[in-house]
Every structure is written in structure tokens, then in C-alpha cells.
């Protein structure tokens, strides 16, 4: 199945992880019974770092190792998680009565995305360098 030139089946892990993030971000606050206490902002950074890293892992696996051209490069790696972060905050603010959207949560999402992109980009460069060294 293709969406905007992207083969969605290459990103099944990202789609599943996105669903988990959406559920965690949109579950009513009254139903959240977590025994572990963690800062809300740290949780946002970690969730979106994971989302960004998973995008890179799937990118690396399907397009770097297999030497295929990828239709969307870093722009998609940035825009997709940012879109998910913005949508979750808007839904929290306007749709979920017991939740409130917060610009600082979105900034924490963005920090996680940028950290994930940085790590993913460095790993991708490392793998490409090793592939080129093996070819030469």
C-alpha cells in the first residue's frame, strides 16, 4: 500500500508506535494509573525520541541496507513526528475534557524528535560509510 509515494508496509512499526503514543497522550487523566512517577515533559521527550528513532531504523533497514532510493528524506523524518505531536496537543486541548494541550509539551515533543533525528542521522551516516568501505 502506498501513500504519497511511500510504501506504508515499510513503516508498520512506526504506525504501531504512533498508535501507542496517541493512546498514551489521549487517554483521560482520570484513567491514568501509572505506578512510576516521571516528569510529563521527560515522558514527552522519550516518547517522541522513540518515534523519531523508529522512523530512522525503518528508513535505514529498508533504504540504506537495500540501497533503494527513498522518496522522502529528512523532511519526512521531521514533519511526521511534528505533525503527530501537534495533533495530540490540539486534541488534548479541544477534545479530551480531562486533558489540556500545552505548548511546553509540544516543545518537549520537538526536543525528543530532534534528538532522535540526530542519533538516527549519525547512525545512518555510519552505516552508509561502512557500506561504501565494503564496496571499495
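Numbering (the numbering used here), first residue to last: 3 to 138.
Ideal Cβ placement from N, Cα and C applies to all residues, glycine included.
Keep in mind that this is a model prediction, so the values were computed, not measured.
Subject >> is_contact[residue 43, chain C] using C-beta, thresh 8 Å >> reply: Structure shown: chain C not included; a single protein chain is present.
Original post:
What three-state label does DSSP hand residue 11 in the structure shown?
Top reply: In the structure shown, residue 11 sits in a helix (DSSP, three-state: H, G or I).
Subject >> alpha helix (DSSP H) segment containing residue 1, residue limits >> reply: Given that the chain is displayed from residue 3 to residue 138, the structure contains no residue 1 and the question cannot be resolved.
Original post:
Tell me which same chain residues have a C-beta within less than 7 Å of the C-beta of residue 12, skipping the five on either side of it?
Top reply: 60 and 64
Original post:
CB-CB under 7 Å to residue 95, same chain, minus the five flanking residues each way: which ones, in chain order?
Top reply: 102 and 103
**OP:** Kindly give me the distance between the Cβ atoms of residue 81 and residue 15, rounded to whole angstroms, as I take these residues to be in contact under 8 Å.
**Re:** No, residue 81 and residue 15 are not in contact; Cβ-Cβ is about 18 Å, not under 8 Å.
**OP:** Provide the residue span of the alpha helix (DSSP H) that contains residue 95, from first to last.
**Re:** For residue 95, the enclosing alpha helix (DSSP H) stretches over residues 76-96.
Original post:
Is it right to say residue 77 is buried, meaning 16 or more other beta carbons lie within 10 angstroms of its own, or is it exposed?
Top reply: exposed
Original post:
Is the Cβ-Cβ distance between residue 23 and residue 86 less than 8 Å?
Top reply: yes
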